[in-house]
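Everything on this sheet refers to the single structure shown next.
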Amino acid sequence: MGRFVDIAVFRAHRFSLGRDAETGALYLSTPVSGFNRAAEYEAYFRISAEAFEQFRADPDAAEAFLEACRNHEHEDRRLA
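Sequential numbering from 114 applies to the sequence shown in this note's numbering.
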């Protein structure tokens, strides 16, 4: 088992929810592009238990947060 353990995957919305096995933090992961847009990679962002449950019940509710993550607006929430 790896560090990041997906609990729910929403392929149509291009994100997953899970738990960081090292820290216990809940996360949302999504593909993001580098600043030069030359490469896309999976990034993991710490979220609250409330956000986890909200996004799990209603994936559409994650749209604004996802867009902000993809635009590098939540770098303070990035998990290593």
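The beta carbon of each residue, even a glycine, is placed where N, CA and C say it ideally should be.
Check                                                                                                                                               : Outcome
Among the residues of its own chain, which have a CB less than 8 angstroms from the CB of ALA138, if the five just before and after it don't count? : ARG132, ARG159 and LEU192
Runs of 3 residues minimum, wholly inside the region 121 to 176: which ones carry the beta strand (DSSP E) assignment?                              : 128 to 133, 139 to 146 and 153 to 160
So what does ASP119 bridge to, in DSSP terms?                                                                                                       : GLY131
Would you tell me roughly how many angstroms separate the C-alpha atoms of ASN184 and ALA170, rounded to the nearest one?                           : 24 angstroms
Please state whether the Cβ-Cβ distance between PRO144 and GLU135 is less than 9 angstroms.                                                         : no
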